[in-house]
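Reviewing the structure listed below.
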Amino acid sequence: MTYVQTTHGADFFGQDTHTAKAIRDLAGYARGCLPYDVREPLARLLESAGTEAEATVPADQAEEFAGLLRTVASHKFTKAKAAKVARLLGDSAARAAAEGEPWTWTTTAT
2 MTYVQTTHGA DFFGQDTHTA KAIRDLAGYA RGCLPYDVRE PLARLLESAG TEAEATVPAD
62 QAEEFAGLLR TVASHKFTKA KAAKVARLLG DSAARAAAEG EPWTWTTTAT
């Protein structure tokens, strides 16, 4: 199984780990919940989860993604499991932006 570990997460080490599939599934929710003119950069990032060894999102873009992910998480059509992943990703993106640091995704396989 492939996992994606994000920086600025909520665990003791400041990381969050999600399955790549759970993150890729969020792309469909993003396309269904967000306005066309803002959703594509986020949807492409979500779709690419687990396909690259590492992805880095600049702090200013992480701040934008944080708001979009929180919108996806709170949308009435987003299922509970997907909403939890979106909320956790949004929170870690917001922490990265607040610290002025890049938000990094690292792929691991088990």
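Numbered as in this note's numbering, the sequence shown ends at 111 without a single skipped number. In this text, a Cβ means the ideal position worked out from N, Cα and C, and glycines have one as well. Everything numeric in this text was worked out from a predicted model, so none of it was measured.
Does DSSP put residue i in a helix, in a strand, or in coil?
i, result
"Asp61", "helix"
"Ala54", "coil"
"Thr3", "strand"
Could you check where the beta strand (DSSP E) with residue i kicks off and where it finishes?
i, result
"Asp17", "Gln16 to Thr20"
"Ala110", "Trp104 to Ala110"
Apart from the five residues on each side of it in sequence, which residues of its chain come closer than 8 Å, Cβ to Cβ, to residue i?
i, result
"Val5", "Thr18, His19, Thr20, Ala21, Ile24, Ala50, Gly51, Trp106, Thr107, Thr108 and Thr109"
"Glu102", "Thr8, His9 and Ala60"
From what residue to what residue does the alpha helix (DSSP H) around residue i run?
i, result
"Ser93", "Ala81 to Ala99"
"Asp38", "Tyr37 to Glu48"
Take residue i and list the residues in its own chain whose beta-carbon comes closer than 6 Å to its own, dropping the five residues that flank it on each side.
i, result
"Glu64", "Ala98"
"Glu55", "Thr107"
"Phe13", "none"
Give me, in chain order, the residues of the same chain whose beta-carbon lies closer than 7 Å to that of residue i; leave out the 5 immediate sequence neighbours on both sides.
i, result
"Ala84", "Ala74"
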